[in-house]
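Per my numbering: the sequence shown = residues 215 to 442.
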Amino acid sequence: MSDIRNVVIVGSGPAGLTAAIYTARANLEPLVLEGEPSSTSDQPGGQLMLTTDVENFPGFPEGVMGPDLMMRFREQAVRFGAEARYEKVSKVDFSERPFKLWVGDPDTEEPTYRAHAVIIATGSEVQLALQAQALLAERKIAVRVVSMPSTTTFDRQSPAYKAEGLPAGLPRVAVEMGVTDGWWKYGCAAVVGIDTYGESAPAPVLFKHFGFTEENVAATVLAALKRK
């Protein structure tokens with residue numbers, strides 16, 4: 215039987231590693247399950263590992279490379295006592311305490327980890343967009359997924375660069391787990407986002423409530439195509 219951890223953090227992007235820093239400073243000895251390196255899916259360190267210049271993070275007036283920033287996050291968390299492992303969670307059970315997490319084969323009887331608290335910080339909207347892309351591909355509808363972690367940097371690029379990323383004549387749908395205002399300037403036909411505040415519920419309930427499911431994103435794209 216696995217030992218019971220105080221805190222397990224699933225995800226190692228900015229949110230996950232920030233949680234690791236604060237829980238480590240509280241002497242909770244968090245375990246960070248960072249995910250596994252992959253060329254096709256989520257990355258340890260999150261989307262910033264695939265980003266060049268990050269110019270809107272406080273403390274870096276000249277900007278910082280995404281991978282460099284995430285390495286500093288990780289080093290700071292480890293310095294305060296967090297343990298980080300390149301492992302990907304395949305299954306969780308939150309039906310009773312302690313919570314259970316599996317790495318690898320989700321069908322094994324015994325979980326890999328047990329924890330009094332679990333923080334899920336699996337982040338980026340890109341994975342959601344890719345899942346919607348896969349659903350649309352089953353219907354023979356080709357969709358381009360564009361990751362734009364810094365609109366400021368994108369806006370400074372040449373017209374040719376912008377046109378390559380956002381070709382003219384194609385409907386655009388943005389996915390933003392935040393306010394939608396910043397995306398309409400790109401000529402979006404629709405934005406799946408959040409323009410209200412105050413709702414409180416378990417994360418899966420909120421995701422469904424706000425439409426952050428692959429089914430809803432795919433349906434939004436289909437609706438945009440019909441209006442074209």
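Note that CB positions come from ideal geometry on N, CA and C, so glycine has one too.
Keep in mind it's a predicted model, so treat the numbers as computed, not measured.
For residue 284, the three-state secondary structure derived from DSSP is helix.
For the set 366, 405 and 259, the Cα lying nearest the Cα of residue 251 is the one of 259. For residue 235, the three-state secondary structure derived from DSSP is helix. Following the DSSP letters along the chain, one finds residue 432 in no beta strand (DSSP E) but inside the alpha helix (DSSP H) bounded by residues 428-441. Residue 277 and residue 265 have their alpha carbons spaced roughly 12 Å apart. Residue 244 sits buried, since 16 or more C-beta atoms from the chains shown fall within 10 Å of its C-beta.
Beta-bridge analysis with DSSP links residue 221 to 331. A straight line joining the alpha-carbon of residue 354 with that of residue 345 spans about 15 Å. Excluding five sequence positions before and after residue 343, the CB atoms of its chain that fall closer than 6 Å to its own CB belong to 359 and 389, given in chain order.
Residue environment analysis places residue 223 among the buried positions, since at least 16 neighbouring C-beta atoms fall within 10 angstroms of its C-beta. Classified as exposed, residue 384 has fewer than 16 neighbouring CB atoms from the shown chains inside 10 Å of its CB. The C-beta separation of residue 312 from residue 329 comes to about 6 Å, placing the pair in contact by the 8 Å criterion. CA-to-CA, the gap between residue 366 and residue 308 works out to about 39 Å. By the Cβ-count criterion, residue 320 is exposed, with fewer than 16 other Cβ atoms from all chains shown falling within 10 Å of its own Cβ. The three-state secondary structure of residue 243, taken from DSSP, is coil.
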